[in-house]
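Chemist:
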Amino acid sequence: NRAVVISRASPEKALAELNKIDRSVLTPSEQVDVCKNIIILAEKVRRFDEARRATNALLLILEIKPEDRTFALEHRVYLAELTLDFKTAFDTAKDMPQTNTDSYWLKMALLAELAGSPSDFYYEKFMSLTTDQQRSEVIAEKIIAASQNPFKEIERYKTRFKNSPEKLAALY
47 NRAVVISRAS
57 PEKALAELNK
67 IDRSVLTPSE
77 QVDVCKNIII
87 LAEKVRRFDE
97 ARRATNALLL
107 ILEIKPEDRT
117 FALEHRVYLA
127 ELTLDFKTAF
137 DTAKDMPQTN
147 TDSYWLKMAL
157 LAELAGSPSD
167 FYYEKFMSLT
177 TDQQRSEVIA
187 EKIIAASQNP
197 FKEIERYKTR
207 FKNSPEKLAA
217 LY
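Quick note on this note's numbering: the sequence shown kicks off at 47 and runs consecutively.
#1: Please classify Gln-179: does DSSP put it in a helix, a strand, or coil?
#2: Secondary structure at Met-154, three-state DSSP: helix, strand or coil?
#3: Can you tell me which of the three DSSP states Tyr-124 falls into?
#4: Here's the rule: buried if 16 or more other CB atoms are within 10 angstroms of the residue's CB, otherwise exposed. What is Glu-201?
#5: How would you write the range of the alpha helix (DSSP H) that Val-71 sits in, first residue to last?
#6: Among Arg-69, Arg-92 and Ser-149, which has the Cα closest to the Cα of Pro-57?
#7: DSSP three-state label for Gln-194, please.
#8: I want to know whether the region 108 to 118 touches the region 144 to 164 - three or more CB-CB distances under 8 Å.
#9: In the DSSP assignment, find the unbroken alpha helix (DSSP H) run with Thr-205 in it and report its ends.
#10: With a 10 Å radius around its C-beta and 16 neighbouring C-beta atoms as the bar for buried, classify Phe-167 as buried or exposed.
#11: Just mark Lys-66 as buried or exposed, buried being the case when its beta carbon has 16 or more other beta carbons within 10 Å.
#12: Give the single residue among Asn-83, Ala-186 and Leu-160 whose Cα lies nearest to the Cα of Phe-172.
#13: Let's test the definition: count the other Cβ atoms within 10 Å of the Cβ of Ala-135 and tell me whether it reaches 16, buried, or not, exposed.
#14: Find the nearest neighbour of Gln-144 within the set Ser-163, Asp-131, Glu-120 and Glu-159, judged by alpha-carbon distance.
#15: Quick one: residues in its chain with C-beta nearer than 6 Å to the C-beta of Ser-193, no 5 flanking neighbours on either side, listed in chain order?
#16: Taking Thr-129 as the reference, give the member of Ala-97, Glu-183 and Ser-182 with the closest Cα.
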């Protein structure tokens, strides 16, 4: 509780107080609380390495609740993105609970692409769920342009261009 009072005046001092705590004598629930507070404060004062260490420590706690694990994974992805470590961001995002929404699959596709991993699977999932015809067309165009066999891909994705026959024609 002392750290909470201090954090209002100085997040740096609160972070220092939390880091002094011997977590080995704490219950798993208390360890989770300390790690989460360190993550939040370290991000606030832009000490990203410290936040990353606390995130890893949180994930090592054996009796962690699913929502605390998700919290840690979300922050690991965020911290990796901040440091342009897209491979870590992508690998971590794959460990997170999936949501079957177009925004989830688009984010996974972008992370895969930035990480240098195959992204077509994620783009296809996005296109199967999205109601945004324009985005679907742009992604289909991207996949077709990158393909070694564009005519095969045009046939595969031509239904995406039902409202834009001029775009489809331009692909040939």
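For each residue, glycine too, the CB sits at the ideal point set by N, CA and C.
Modeler: Reading from the atomic positions:
#1: If DSSP states are grouped into helix, strand and coil, Gln-179 belongs with the helices.
#2: Secondary structure of Met-154 (DSSP, three-state): helix.
#3: Helix at Tyr-124.
#4: By the 10 Å Cβ count, Glu-201 comes out exposed.
#5: Premise fails: Val-71 is in no alpha helix (DSSP H) and is neither H nor E.
#6: With distances taken between Cα atoms, Pro-57 lies closest to Arg-92.
#7: Of the three classes helix, strand and coil, the one that applies to Gln-194 here is coil, per DSSP.
#8: The region 108 to 118 is not in contact with the region 144 to 164.
#9: Where Thr-205 is concerned, there is no enclosing alpha helix (DSSP H), given that its DSSP letter is neither H nor E.
#10: By the beta-carbon neighbour count (other beta carbons within 10 angstroms, threshold 16), Phe-167 is exposed.
#11: Exposed is the call here.
#12: Distance from the Cα of Phe-172 is smallest, within the candidate group Asn-83, Ala-186 and Leu-160, for Ala-186.
#13: Under this definition Ala-135 is a buried residue.
#14: For Gln-144, the nearest C-alpha among the options comes from Glu-120.
#15: Result list for Ser-193: Glu-199, in chain order.
#16: Nearest of Ala-97, Glu-183 and Ser-182 to Thr-129, Cα basis: Ala-97.
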